[in-house]
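Everything on this sheet refers to the single structure shown next.
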């Protein structure tokens, strides 16, 4: 075995001795076990069998060695670059080895046996052993990675045989990004997948939609399958280095086997396995980085500008609203300014900071707070370390890994710390029996201070909105810092009524979101234990039976503490709410698989049965009345609230798949699934789902076989009908009385809004047609696909007239269509020994259209849903600029005829309520989006650059709107664009006058609707691989040093907020995405 | 051979396993978090629980601070007048008299919450009528209670979505459902006349069948039903009816129902507040949290929204010996600042109970009705009973005619400020308008002319969009 070569000579003897001892001991054990072993008459769990067989197989790992001649050699590609990891097998045996880091191999075989060399992307080579003991191999690239096997629903298929739309994100893509949550690695690499990052909280998951949005009231998220089993925990429990691939299944033929849950696409996550016939390889990877904010937020007025602008707003109110004359209003503004703002950073000597001409009296200040600097963590540390051991004998493989991650978030105190461990074992016990077990445990802690929304305690609400005129720490009337008895500064909660100046902050009185980052807690802990066992019995070469049992226990604990001393819970002396949810998923799959070749006819069939249980056990309690620093529920004075429930969903399924191909040229595939679920009433719970698909490899036809230009060409098409049952609760068909409306000591119940007792699946009919091609000896490869998904019988909270006592009725109604085109191209631009350059590019076009509603139209937030339009088209008022004479904001309104119908003419109005809402024709969904990757290698240096982009979408920037107020309330930060405001009659500007009284100037209109095109430099990885010759003396097989940058640059049409906000194109004052610079080392031995 | 045995055993085991899926596999999980209607209507306890749920919903947290519970409807009215000033915080748009659009939360909240309660009462009445396991006395009592609640919320809808009854009773009013909407489907607009007839029918049934008994003062008894009826008659200018109902509501003996020493107790404890006929009783674990208006807006002494201030002109109406003069210049603000006066009338905490109807109001309805019925002397007496109770130095009125009525209405404002929107209610039913004076944050632009459209709300757009019997024209000229 070649592994011996990898040990320093002086250790070999020792190693051999030990190994021999061990082998003989184990052989004895092995014999004993077999003698005593018989199948118990009643086996209770499949897992126990799997375990037992696993153990036996580990024993067999140290199997026999046959004395044969040693064949060795070196394997290179056509450029002479050594190829590590090439599989070398002896035909007709289970024996095989892999080439080492330098492409060398060595295998024991005898003359006349046939060696098969295989490597992904290369043409396989068969060599019959003659008398020579050295066989050097030069492998050629295959025209297409057709023999590459990809993970698909319930199994694997070769790329060539796939009739649908399947995209694999492999390890090589995953490892070139800092994917704290692994799904982020999909962005930019898979056409047809819309992904929106979730901001600056590490461990938060992105929003993912595959081929548009296929549901209105239900869930439109894809189904996650991890190592063959549905996953219901939080996807952030996985660490990227343990993932072998992420496969995105987009069309019906690839997803139909997931039946009732497949309508919105499926994401298969496959964890790493050891490779057969490789000696244990240890990989240590360590990355350390620093993060700041990926973009620069909107710029705001400084303290001086805030004072003069506030003065102007007060003056204008006197002048234009209260009817005062110019002098009076200016005087009142000057005398009333500090009463309005309440804080005086100019110090006690400046009693009226702005004079009656609107000019600053002084610009010397005691403080000017940069609140963003206060809240943002611009040197957030990210650390990730992992250790894995991977290898395998002839019959058994092992992968063992541990990963530690600690990442600070964009807002101070926000963080995510995770430990993930995984063990995957697989073994062939004998010729007909194999078994595998995956065990993983992941535990994480996350501090998630409020970092979105408009809560007065939200860190981001403060960072965006509080004016620099307010200090972080308490100041006395003279502006001097106040200290507590211990001499420490005191956080300013802005609610000291006794202190007229610098004591009563109008902005969020009695709160100090910065201090509250530290005195409050918002902690999530997650523990995920997954056991995933399988065994396979081969009854014959053509028929086998596989059972897979998986069990996940995901425990989510959220803990919220509000301080007893500061802020909103002072009145109740603090409060603690702790919620514990256990999500327990058990999935059992049995499958019978048959495959056979009849000459040129190749058939494969599978019959499967699946049982799925998903249980949520919830318990939540709130207690109030705590001593300072005491945060344990049990220490509360008053237990305030207790709630809890157990709910369960089960699905019983029968599945089948039939594939046929003729000469590996014409492919046909059909799949069928029948699901019964507890989500619907017994009359409606069974549903049938199916797909059919076919493909034709035209390039294998005689007329193209020898084409120099077009070396690969495949047409494919599929159609299928799928279901969705997620997102509407566990018993959506039952209308019951709701408990919890207790009145004093009386139990109270209320009748819930009605549901349709016959509610059942959402159904999606999905069509996919495409072509794959390879040009110029596959230097340019590509895929073009068109899809059309029509979703009918949507879960739909049909709006009902509120006068009926319910605003909605949940039923199946309405229909949506998503259609589009996806193109991906891969090119090999240069490839030689010293320089290599490859590019891949993908682009997706997609549209969403409402096909059917229960009423003509209705308004949903900033959108109006109407047949023929998109769910995501903005329907808001149109801003008509500023009245040149009055400085008021104007909007457009339809001129109505006597019947109240629009005449088609428009007028402008200064009354927001009278303004008409219009279809803007602008959608929050992009017209096209995708990614562009370039890989360059110069000798031992390599560089990978991943860009993702999105064009044609619009965003309604609420954050900007809230900075474009006109000083209706005091002390709110304002955009520097207010400098362009209307100031006097005749001013031509787009920014209305400042006004300290209620107005709608910054209410929702297209004034704040912006084009949201962007290109983001999502990931850059620059690495240097130390020459193996320099390392081998130290027993090291690989050492890579690399720099990793994530979100390094963002080019966007609308600056000031992150371009990735929400599907609906509205913003929520969310923490900014992080830009991360890391340095890493990857060591293998 | 050995292998074959194992193989065969495994095959048998696996086939058994594969085909033996439990028949009950899909039947076992049950909905555990709801309660079926059969259980609710099968006992008095069950129906009581339904009534309790409705009572609780009257103080529900519906969506936000300015739209939670009946008290939010009340407080929104309070800030529309001239007496209360509201900071630019929650209720700021009500304060500006500019929160009535078809898409405004105010319109939706008032409409939706009222109709939810109405449909629940309809369902309860229907269920109680056909329930077989309950006694007839109980049946009548519980139906009477439900009808009072139903009428009360129809009355709110009638006031909030149209001119007052005496302006033109033939005007369209919100839809009228006399039974659960699941029986009838959606309905179109009714008229004020139809609606008030139905309100009276319900309230008369309630006043005739309810007793003084009830579980707590958050529930409806005969006194509360009479108080509701008195307000309705007041609005309809039926002064004989108003006088009779008001007297039945407070009992007729002014001495036994007024407790001036309780006026400054913070208006937060129904047990210590014997004047409260009806209130929302909050507890540690059942409360509106940060949405409990008026307390959460008006209290400046504990953490709250610090939103409520008072007009100098209003504060000046009180004599210094009046127990209701609970104003102070907490922020040392100069007189022309709107935050000059705050009140200590309301003490906020999560447990603060919220007054919904008090005896003093009934006394003043009595006085007002007596005035209209030509009984000036008794009107003077009843008015003075309250005035002298509140202020030992009060002098009995010698006003007559409009002056007397004005004095009664001012007394109502002084007595009920920030509780139920008394000023708005009176201005609306007398078709008077409200002129903003003094140190308002928003002055003249928020003044209301007599019969101003801003006295009522537009029909919510969501209703128009989903109700086939109501179209856009309903808001024409609204």
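Chains as they are written, first to last, in this note's numbering: chain E, 1 to 1085; chain Y, 10001 to 10478.
For each residue, glycine too, the CB sits at the ideal point set by N, CA and C.
None of the values given here were measured: they were computed from a predicted structure.
Given that a residue counts as buried once 16 or more other Cβ atoms are within 10 Å of its Cβ, and exposed if not, what is residue 634(E)? To locate residue 634(E), count along the first chain from 1; it is residue 634. The residue in question, residue 634(E), is exposed, as its Cβ has fewer than 16 Cβ neighbours within 10 Å.
Where residue 136(E) and residue 121(E) are concerned, what is the direct C-alpha to C-alpha distance, given to the nearest angstrom? What you label residue 136(E) is simply residue 136 of the first chain in a count that begins at 1. What you label residue 121(E) is simply residue 121 of the first chain in a count that begins at 1. Going from the Cα of residue 136(E) to the Cα of residue 121(E) covers about 19 Å.
Along chain E, which residues have their Cβ under 8 Å away from the Cβ of residue 10111(Y)? Residue numbering aside, residue 10111(Y) sits at position 111 when the second chain is read from its first letter. Ordered by position in chain E, the residues that pass the 8 Å Cβ test against residue 10111(Y) are 802 and 803.
Alpha carbon to alpha carbon, how far is residue 175(E) from residue 904(E)? Give it in angstroms, no decimals. Position 904 of the first chain, counted from the first residue, corresponds to residue 904(E). Position 175 of the first chain, counted from the first residue, corresponds to residue 175(E). Rounded to the nearest angstrom, the two C-alpha atoms are 57 Å apart.
By DSSP, does residue 10062(Y) sit in helix, in strand, or in coil? Position 62 of the second chain holds residue 10062(Y). Note: residue 10062(Y) maps to coil in three-state DSSP.
Against chain Y, does residue 749(E) count as a neighbour if the rule is that its beta carbon must be under 8 Å from one of theirs? For the purposes of this step, residue 749(E) is identified with residue 749 of the first chain, where counting begins at 1. For residue 749(E), the answer is yes, since a Cβ of chain Y falls inside 8 Å of its Cβ.
Report yes if the C-beta distance between residue 679(E) and residue 653(E) is below 8 Å; otherwise report no. Reading the first chain from its first residue, position 679 is the one you call residue 679(E). Reading the first chain from its first residue, position 653 is the one you call residue 653(E). It is not a contact, given that the beta carbons lie outside the stated cut-off.
Are the segment 10256-10263 of chain Y and the segment 10029-10038 of chain Y touching by the rule of at least three beta carbon pairs closer than 8 Å? no
Any idea which residues DSSP pairs residue 521(E) with across the strands? Looking up residue 521(E) in the first chain gives position 521. As DSSP reads the structure, residue 521(E) sits in a beta bridge with 561(E).
Pick out whichever of 178(E), 989(E) and 166(E) has its Cα sitting closest to the Cα of residue 267(E). Taking the first residue of the first chain as position 1, residue 267(E) is located at position 267. Considering only alpha carbons, the answer is 166(E).
Any chance the segment 912-930 of chain E sits against the segment 987-995 of chain E, with 3 or more Cβ pairs inside 8 Å? no
Apply the 10 Å Cβ neighbour rule to residue 541(E) and answer buried if 16 or more other Cβ atoms are within range, or exposed otherwise. In the first chain, residue 541(E) corresponds to position 541, counting from 1. That one is exposed.
Can you tell me whether residue 651(E) is helix, strand or coil according to DSSP? Locating residue 651(E) in the first chain gives position 651, counting from the first residue. Strand.
7 Å Cβ shell around residue 10479(Y) - same chain, five flanking residues per side excluded: Since the first residue shown for chain Y is 10001 and the last is 10478, residue 10479(Y) is missing from the structure and cannot be characterised.
Tell me the DSSP secondary structure of residue 10422(Y) in three-state form. As a first step, residue 10422(Y) is located in the second chain; it is residue number 422 there, counting from the start. Reduced to three states, the DSSP call for residue 10422(Y) is helix.
Residue 10096(Y) burial status per 10 Å Cβ neighbour count (16 or more: buried): Position 96 of the second chain, counted from the start, is the residue given in the question as residue 10096(Y). That one is buried.
Name the residues in the segment 738-770 of chain E whose C-beta lies less than 8 Å from a C-beta of chain Y; which are they? 738, 739, 741, 742, 743, 744, 746, 747, 748, 749, 750, 751, 752 and 754
Going by C-alpha distance, which of 983(E), 626(E), 868(E) and 223(E) is nearest residue 153(E)? By one-based count along the first chain, residue 153(E) stands at place 153. The residue among 983(E), 626(E), 868(E) and 223(E) with its C-alpha nearest the C-alpha of residue 153(E) is 223(E).
Quick check on DSSP: helix, strand or coil for residue 633(E)? Taking the first chain and counting its residues from 1, the one referred to as residue 633(E) is at position 633. Correct three-state label for residue 633(E): helix.
Just checking: is the beta-carbon of residue 510(E) within a distance shorter than 8 Å of some beta-carbon in chain Y? The residue you call residue 510(E) lines up with position 510 of the first chain. Contact of residue 510(E) with chain Y is assigned, a C-beta pair being separated by under 8 Å.
Take every Cβ of the segment 10403-10410 of chain Y, pair it with every Cβ of the segment 10358-10378 of chain Y, and state whether three or more of those distances are shorter than 8 Å. yes
Check whether the segment 613-623 of chain E and the segment 639-650 of chain E touch, using three or more Cβ-Cβ pairs below 8 Å as the test. Taking 8 Å as the limit for Cβ pairs, the verdict is that the segment 639-650 of chain E does touch the segment 613-623 of chain E.
According to DSSP, simplified to helix, strand and coil, what is residue 853(E)? Taking the first residue of the first chain as 1, we reach residue 853(E) at position 853. In the structure shown, residue 853(E) sits in coil (DSSP, three-state: anything other than H, G, I, E or B).
For residue 1089(E), report the span of its alpha helix (DSSP H) as first-last. Outside the shown range of chain E, which is 1 to 1085, sits residue 1089(E), and nothing can be said about it.
Answer with yes or no whether the minimum CB distance from residue 10302(Y) to chain E is below 8 Å. As a first step, residue 10302(Y) is located in the second chain; it is residue number 302 there, counting from the start. Closer than 8 Å to some Cβ of chain E, the Cβ of residue 10302(Y) qualifies, so yes.
Which residue comes first and which comes last in the beta strand (DSSP E) that contains residue 1081(E)? On the first chain, residue 1081(E) is found 1081 positions in, with the first residue counted as 1. Note, residue 1081(E): beta strand (DSSP E), 1074-1084.
Cβ closer than 7 Å: which chain E residues qualify as neighbours of residue 10181(Y)? Walking along the second chain from the start, residue 10181(Y) turns up at place 181. Those within 7 Å of residue 10181(Y) in chain E are 804 and 805.
Nearest to residue 539(E) by alpha carbon, out of 592(E), 415(E), 496(E) and 564(E)? For the purposes of this step, residue 539(E) is taken as residue 539 along the first chain, with counting starting at 1. Here the closest residue by C-alpha is 592(E).
Considering residue 171(E), what are the terminal residues of the alpha helix (DSSP H) in which it resides? Indexing the first chain from 1 puts residue 171(E) at position 171. Residue 171(E) -> alpha helix (DSSP H) spans 171-174.
Using a beta-carbon distance below 8 Å, is residue 10196(Y) in contact with chain E? As a first step, residue 10196(Y) is located in the second chain; it is residue number 196 there, counting from the start. Closer than 8 Å: no.
What residues of chain Y sit near residue 867(E), judged by a beta carbon separation below 8 Å? Locating residue 867(E) in the first chain gives position 867, counting from the first residue. The premise fails here: residue 867(E) is roughly 14 Å from chain Y at the closest Cβ pair, so nothing lies under 8 Å.
Just grab the DSSP bridge partners of residue 863(E) for me. Sequence index remark: in the first chain, residue 863(E) carries index 863 (1-based). According to DSSP, which records beta bridges pairwise, residue 863(E) is partnered with 860(E) and 874(E).
Could you check whether the Cβ of residue 998(E) sits closer than 8 Å to any Cβ belonging to chain Y? The residue you call residue 998(E) lines up with position 998 of the first chain. Closer than 8 Å: yes.
Rounded to whole angstroms, what's the CA-CA distance from residue 779(E) to residue 404(E)? Just pull it up for me. As a first step, residue 779(E) is located in the first chain; it is residue number 779 there, counting from the start. As a first step, residue 404(E) is located in the first chain; it is residue number 404 there, counting from the start. Using only the alpha carbons, I get a separation of about 40 Å.
Could you check what DSSP says for residue 40(E) in three-state terms: helix, strand or coil? Taking the first chain and counting its residues from 1, one reaches residue 40(E) at position 40. Unreliable positioning characterises residue 40(E) in this predicted model, as indicated by a pLDDT of 37, which lies under 50. A coordinate reading is not provided.
Where residue 484(E) and residue 628(E) are concerned, what is the direct C-alpha to C-alpha distance, given to the nearest angstrom? Within the first chain, residue 484(E) is the residue found at index 484, counting from 1. Within the first chain, residue 628(E) is the residue found at index 628, counting from 1. So the alpha carbons of these two residues sit roughly 17 Å apart.
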